[in-house]
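Written below as structure tokens is the structure these notes are about.
Number of protein chains: 2
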Amino acid sequence: MTPLRINLEANDIPTHWYNIVADMPNAPLPPLGRDGKPVTPDAMSAIFPGPILEQEMSAQRWIPIPQEVRQIYAQWRPSPLCRALRLEQSLGTPAKIFYKYEGVSPAGSHKPNSAVPQAYYNKLAGTKRLTTETGAGQWGSSIAYAGQMFGLPVRVYMVKVSYQQKPFRRSMMQTWGAEVFASPTDRTQAGRTALAADPESPGSLGLAISEAVEEAAADPGVCYTLGSVLNHVLLHQTVIGLEAKKQLEKVGLYPDVIIGPCGGGSSFGGIAFPFLSDKIAGDKRAEKLRCVAVEPTSCPTLTKGAYAYDFGDVSGYTPIMKMYTLGHDFMPPGIHAGGLRYHGDSPLVSQLVHEKLLEALAVPQVATFAAGVDFARAEGIIPAPESCHAIRAVIDEALRCKATGEPKTILFNLTGHGHFDMGSFDRYLSGQLEDYEYPVEAIRASLKHLPQVG
Amino acid sequence: MTPLRINLEANDIPTHWYNIVADMPNAPLPPLGRDGKPVTPDAMSAIFPGPILEQEMSAQRWIPIPQEVRQIYAQWRPSPLCRALRLEQSLGTPAKIFYKYEGVSPAGSHKPNSAVPQAYYNKLAGTKRLTTETGAGQWGSSIAYAGQMFGLPVRVYMVKVSYQQKPFRRSMMQTWGAEVFASPTDRTQAGRTALAADPESPGSLGLAISEAVEEAAADPGVCYTLGSVLNHVLLHQTVIGLEAKKQLEKVGLYPDVIIGPCGGGSSFGGIAFPFLSDKIAGDKRAEKLRCVAVEPTSCPTLTKGAYAYDFGDVSGYTPIMKMYTLGHDFMPPGIHAGGLRYHGDSPLVSQLVHEKLLEALAVPQVATFAAGVDFARAEGIIPAPESCHAIRAVIDEALRCKATGEPKTILFNLTGHGHFDMGSFDRYLSGQLEDYEYPVEAIRASLKHLPQVG
């Protein structure tokens, strides 16, 4: 019988996270404060606990994963690496397609890989409560779960329109004991200001961030958590790539191409960095390795954004970071159904794309969902819309292999399942989805608002 | 590190299903036709293919699992056996609690264990299309998935009120390529009759069954599929218990108590029978083994029903089967949120309960969801409402162990995840659920309509 899943045992859960900062050809550019100088850990200590800030700034190659975190990881890790044999057969490709399936986590995505250590380090540092923002709820539900695992109360500011339209992710967070507020609330100054301006405000991710940060900054016992973009989040996600490497080794393979969806960049860094390090180190196997970040044409950060210093949030509260950005006041169009809506991208991923060690690709929405449905019908798993972006690129790559006859090994990141996104599949299946290419002029306009540096 | 998951490899997927019929102290009573005589395979061949009918009637102990089925099973099987260590700790019980987690299947429950072989045998027998009915959609989505795996078109008659209120299970079926109709339809005589009587009819499971059976009976190329109750469905589900046995052996344990939710009985038979056979065979390890089927107090088939011949469907189209039943015109109350709504139960499970080889227990709704939330908060997995019934009984058993100090090994069937049932959790969390004990007088009344035998 062809083995379709390559499993590892609990003891194979990585003992260390891999920090690409140690191996980057050029040191990453630091985030800057309002004074144009690199921000100090002190400046961020009001909202993040010490161990998280240490990891954020660290250049140490291997960072130990605490036993308490590995014990929680063991609930679903090592996640399976699966051979997409039926998809290969349906495409008639000589390529071997493998997917690392992160949808097996309790929250259904890769997000708990970072939510669990973030909750752990906060507990360790004496944090009394966590805050965060969430849009559709994937990160919110992960931190609700992780907080519960360490007995840490969690408050989630959920964009009001999602709170009303996606009640099931909210129920999931509440089942795990989190308090969920429809943002804007009257609990914070930011929320009250927004409500004064528009009592019917549907909210926005930027506003929800402001509320969560404001609560954390105002109370020494409260810390803020973030689900992507920052170095420590990418660090935590490297368990994906480290396990995948071990699993491919079990069947004597090494990837020719690694493909992952990319929004804030954490799952992409997570799967790519442990392999990219081989390429940087001159490992023969990785000589021709390509790592491809896939994003939507309606939010084309890496492919059409500027590589520049910009704020991490819409309101300009955060330090500025050097990254690919569409401008911090960029708003993805309403017709976009597939996640990956962040205006910027992880500074680490951005710099490595800029230095041509990583590639980026944008795919249109309708073809993305079509790929997701093809995958579901071949492999049985209904992928998250985010993951569908990678699948589109994987199928295209496999079809190129069919044309050239190359038996490439393709590894991709199936970051989550689509159980809470069936509404988007419904819109696709009933022909209601459209493609949208974000206009270059609009990007040029929003890039005019980039902050001045130095 | 305490191993929380006991995994098996693809080669450990069982090679044979276990048929309890071979080992029952008394041969099972046959289903009877309208003439009061045992039904022949011929009488059912209009709606079921030959290999399925053979399995339905078989007394052979071990029935080989075709390689093609094992290959599809390998997508998610062997399913993990997990130690509920955090739940044990939160209860302070000396009991060891293990759960077999069937929510890892593509459709999120144990149902594909039977949907896959049913689709396979239909394909083999030359069936051109499958029909079935579905309420909330758990079975419908499983057969949609399984049909897709073998290139077999599937038509699902979905109870109209569920079709309208639970669109996401419908989208899931459509994503897997199935046609889904809101029942009653104007496609069948049964549907047209219902619509003539009430154009706004919300539909019922009984009516949807009639439509699916009618389409299958009218067209030689079309066969009908059923997700529980019948012998062949229980047979297929024994992969659950066979794997669990091997997994417990890996850690040197044998269960003292096996607990599972029970509606039509297929998942319960699936986990219990491979262990019950040891008890029947006089195996020392199984001497004190208890197998407990858990049902809702609002649909208390095994605990308050009569052990009698009754129809399998509401309309009285099917052969009559000897089983625990509340009467085929029983309707579970509208306030019931937790599944397991069938008026009868598997004839095999019923007979073994009647012969005191299996036990049954009914649990009230609010305490059932409370147990589900306790489990979610301890273990991270949000259980299907059906599975919550087992969890209620498990927690009660573990608390008894705490009182007596007995370090029992408890095995339970976590039959699925609750991702498509968050609406019910929402109702629980917001205090809208109530308990409901089905009144004895009402059961007495519906039992008056049992068919006359002989």
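Here the protein sequences line up with chains A and B, keeping their order.
Under our numbering, the first residue of the first sequence is numbered -17, with each subsequent residue one higher.
Under our numbering, the first residue of the second sequence is numbered -17, with each subsequent residue one higher.
Note that beta-carbon positions come from the ideal geometry of N, C-alpha and C, so glycine has one too.
Owing to the predicted nature of the structure, the values given are computational and were not obtained by experimental measurement.
| message | Against chain A, which members of the segment 344 to 357 of chain B pass a CB distance test of less than 7 Å? | response | V355
| request: Grab me the residues of R174 of chain A's own chain with a C-beta within less than 6 Å of its C-beta, minus the 5 sequence neighbours each way, in chain order. | output: Here residue 174 of chain A corresponds to residue number 192 of the first sequence, with the count starting at 1. Excluding residues within five positions, the ones whose Cβ falls inside 6 Å are D168.
| request: Answer yes or no: does any C-beta atom of chain A fall closer than 8 Å to that of N95 of chain B? | output: Counting from 1 along the second sequence, the entry for residue 95 of chain B is found at position 113. So no, N95 of chain B is outside the interface.
| message | Need the endpoints of the beta strand (DSSP E) that V143 of chain B sits in, please. | response | On the second sequence, residue 143 of chain B is found 161 positions in, with the first residue counted as 1. No beta strand (DSSP E) contains V143 of chain B, which is instead part of the alpha helix (DSSP H) from 142 to 147.
| How would you call P13 of chain A, buried or exposed, if buried means at least 16 neighbouring beta carbons within 10 angstroms? | Residue numbering aside, residue 13 of chain A sits at position 31 when the first sequence is read from its first letter. So P13 of chain A ends up on the buried side.
| query | Less than 8 Å separating the beta-carbons of S153 of chain A and D408 of chain B? | reply | For the purposes of this step, residue 153 of chain A is taken as residue 171 along the first sequence, with counting starting at 1. For the purposes of this step, residue 408 of chain B is taken as residue 426 along the second sequence, with counting starting at 1. Yes, the pair counts as a contact, with Cβ atoms nearer than the cut-off.
| Unbroken alpha helix (DSSP H) runs of length 4 or more, entirely within the segment 167 to 251 of chain A: which are they? | 171 to 179, 187 to 200, 213 to 232
| D17 of chain B and I262 of chain B closer than 8 Å at C-beta | In the second sequence, residue 17 of chain B corresponds to position 35, counting from 1. In the second sequence, residue 262 of chain B corresponds to position 280, counting from 1. Not in contact: D17 of chain B and I262 of chain B (Cβ atoms no closer than 8 Å).
| field | Completely contained beta strand (DSSP E) runs for the segment 312 to 350 of chain B, where each covers 3 or more residues | value | With a minimum length of 3 residues, the continuous beta strand (DSSP E) runs that stay inside the segment 312 to 350 of chain B are 341 to 345.
| request: Please name the residue in B:P48, B:A360, B:A366, B:A200 whose C-alpha comes closest to that of S27 of chain B. | output: Sequence index remark: in the second sequence, residue 27 of chain B carries index 45 (1-based). The candidate whose alpha carbon is nearest that of S27 of chain B is B:A200.
| request: Below 7 Å CB to CB, which residues in the same chain sit around G32 of chain B once its five sequence neighbours on both sides are set aside? | output: Numbered from 1 along the second sequence, position 50 holds the residue referred to as residue 32 of chain B. The answer, listed in chain order, is A107.
| said: Is there a C-beta anywhere in chain B that falls below 8 Å from the one on Y299 of chain A? | reply: Within the first sequence, numbered from 1, the residue matching residue 299 of chain A stands at position 317. Taking Cβ atoms only, chain B never reaches closer than 8 Å to Y299 of chain A, which makes this a no.
| query | Roughly how many angstroms lie between the CA atoms of C205 of chain A and C281 of chain A, to the nearest whole one? | reply | The sequence position of residue 205 of chain A within the first sequence is 223, counting from 1. The sequence position of residue 281 of chain A within the first sequence is 299, counting from 1. Roughly 30 Å separates the two Cα atoms.
| Where do the N-terminal and C-terminal ends of the alpha helix (DSSP H) with E161 of chain A fall, by residue? | Here residue 161 of chain A refers to the residue found at position 179 when the first sequence is read from its first residue. Run containing E161 of chain A: none in the alpha helix (DSSP H); it sits in the beta strand (DSSP E), 161 to 165.
| request: State the DSSP-derived secondary structure class of Y299 of chain A, mapped to helix, strand or coil. | output: Position 317 of the first sequence, counting from 1, holds the residue named residue 299 of chain A. Coil, per DSSP.
| said: Using CA atoms only, rank isn't needed, just tell me which of A:A(-8), A:R382, A:S87, A:N95 is closest to H399 of chain A. | reply: For the purposes of this step, residue 399 of chain A is taken as the residue at position 417 of the first sequence. Nearest of A:A(-8), A:R382, A:S87, A:N95 to H399 of chain A, Cα basis: A:S87.
| What does A41 of chain B touch in chain A if you count any residue whose Cβ is under 9 Å from its own? | By one-based count along the second sequence, residue 41 of chain B stands at place 59. Those within 9 Å of A41 of chain B in chain A number zero; the least Cβ separation is about 29 Å.
| Where do the ends of the alpha helix (DSSP H) carrying Y410 of chain A lie? | Taking the first sequence and counting its residues from 1, the one referred to as residue 410 of chain A is at position 428. First-last of the alpha helix (DSSP H) with Y410 of chain A: 404 to 411.
| task | Could you tell me which residues DSSP puts in a beta bridge with Y83 of chain B? | result | Numbered from its first residue, the second sequence carries residue 83 of chain B at position 101. Beta-bridge pairing links Y83 of chain B to B:L396.
| query | the segment 148 to 164 of chain B: which residues have C-beta closer than 9 Å to a C-beta of chain A, in chain order? | reply | Result list: P149, F150, R151, R152, S153, M154, Q156, T157, W158, G159.
| field | Closest by C-alpha distance to F394 of chain A, when choosing among A:T170, A:L343, A:D417, A:A226 | value | On the first sequence, residue 394 of chain A is found 412 positions in, with the first residue counted as 1. For F394 of chain A, the nearest C-alpha among the options comes from A:A226.
| query | In the segment 51 to 125 of chain B, which residue ranges form an unbroken beta strand (DSSP E) of at least 3 residues, counting only runs that do not cross its ends? | reply | 63 to 65, 78 to 83, 111 to 116
| request: Could you name the residues of chain A that D(-6) of chain B contacts, counting a contact when the two beta carbons are closer than 7 Å? | output: Translated into positions along the second sequence, residue -6 of chain B becomes position 12. Those within 7 Å of D(-6) of chain B in chain A number zero; the least Cβ separation is about 11 Å.
| query | Grouping DSSP H, G and I as helix and E and B as strand, with all else coil, what is I29 of chain A? | reply | By one-based count along the first sequence, residue 29 of chain A stands at place 47. Three-state DSSP puts I29 of chain A in coil, outside helix and strand.
| field | Chain-order list of residues whose beta-carbon lies under 7 Å from that of R52 of chain B (same chain, five-residue window excluded) | value | Mapped onto the second sequence, residue 52 of chain B falls at position 70. Closer than 7 Å at Cβ, skipping near neighbours: I(-5).
| Are there three or more Cβ pairs, one per stretch, closer than 8 Å when the segment 124 to 143 of chain B is compared with the segment 190 to 198 of chain B? | yes
| query | Quick one: is A178 of chain B buried, meaning 16 or more other Cβ sit within 10 Å of its Cβ, or exposed? | reply | Residue 178 of chain B sits at position 196 when you count from the first residue of the second sequence. It is exposed - the Cβ of A178 of chain B has fewer than 16 other Cβ atoms within 10 Å.
| query | Helix, strand or coil: which one does DSSP assign to V3 of chain A? | reply | The sequence position of residue 3 of chain A within the first sequence is 21, counting from 1. In this structure, V3 of chain A counts as helix in the three-state DSSP scheme.
| If you follow the alpha helix (DSSP H) that V435 of chain B is part of, which residue opens it and which one closes it? | Residue mapping note: residue 435 of chain B aligns to position 453 of the second sequence, counting from 1. Careful: V435 of chain B lies outside any alpha helix (DSSP H) and carries neither H nor E.
| task | Determine which residues of the segment 75 to 107 of chain A have a Cβ less than 9 Å from any Cβ of chain D, and write them out in chain order. | result | Reference to chain D is not applicable here, since the protein chains of this structure are A and B.
| Given a threshold of 16 other Cβ atoms within 10 Å of its Cβ, counted over all protein chains shown, does E84 of chain A qualify as buried or as exposed? | Against the first sequence, residue 84 of chain A aligns to sequence position 102. E84 of chain A should be labelled buried.
| said: Out of B:L189, B:K266, B:E231, which one is the CA nearest neighbour of M313 of chain B? | reply: Reading the second sequence from its first residue, position 331 is the one you call residue 313 of chain B. Measuring from the Cα of M313 of chain B, the nearest candidate turns out to be B:L189.
| message | Going by beta-carbon coordinates alone, are G119 of chain B and R151 of chain B separated by less than 8 Å? | response | On the second sequence, residue 119 of chain B is found 137 positions in, with the first residue counted as 1. On the second sequence, residue 151 of chain B is found 169 positions in, with the first residue counted as 1. Yes. Within cutoff.
| message | Using 8 Å for Cβ pairs, my map puts L330 of chain B next to P10 of chain B. What's the rounded Cβ distance? | response | Within the second sequence, residue 330 of chain B is the residue found at index 348, counting from 1. Within the second sequence, residue 10 of chain B is the residue found at index 28, counting from 1. That pair is a contact at about 6 Å.
| query | How far does the alpha helix (DSSP H) with E388 of chain A in it reach, from first residue to last? | reply | To locate residue 388 of chain A, count along the first sequence from 1; it is residue 406. That residue, E388 of chain A, is in no alpha helix (DSSP H); it is neither H nor E in DSSP.
| query | Name the residues in the segment 120 to 140 of chain B whose C-beta lies less than 8 Å from a C-beta of chain A; which are they? | reply | Y127, Q130, M131
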